[in-house]
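Residue numbers for the sequence shown follow this note's numbering, so the first one is -1 and each next one is one higher.
By construction, the Cβ of each residue, glycine as well, lies at the ideal position given by its N, Cα and C atoms.
Encoded as structure tokens, the structure appears first; notes follow it.
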Amino acid sequence: MATVQKIRDSQRASGAATILAIGTANPSNVIYQAEYPDFYFRVANCEHMVDLKNKFKRICMLTFYLFLQFMPFTLLVFNYILSYWIVIIFFVKLYLPILYKN
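This is the structure:
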């Protein structure tokens, strides 16, 4: 007959305990609307244009829904075009010397 301790041991996992966190995950292609003007001007190296940055912040706040709707599509198109040109450049560098060797 099984003892109480054996029953409890069989119901428990061996090793360290793990906690499952419940929360939300942000996809990599989503940029917060409030942070986008700062991000854009930092990447474009135009942080000294304060007036233009403030106008851009207002525009971003007015077009919130439109921006979130088309941002992932824009990134997908950009990634597709970039990968297409990388493949073309690779094949041109590889096959052009072979074709015009003589």
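Query	Result
For ALA14 and ARG6, I'd like the C-alpha separation in whole angstroms.	16 Å
Measuring CB to CB, does PHE39 end up less than 8 Å from LYS51?	yes
Where do the ends of the alpha helix (DSSP H) carrying ARG6 lie?	2 to 9
Could you give the distance in angstroms between the alpha-carbon of GLU33 and the alpha-carbon of GLN9?	48 Å
Between which two residues does the alpha helix (DSSP H) harbouring TYR34 extend?	34 to 41
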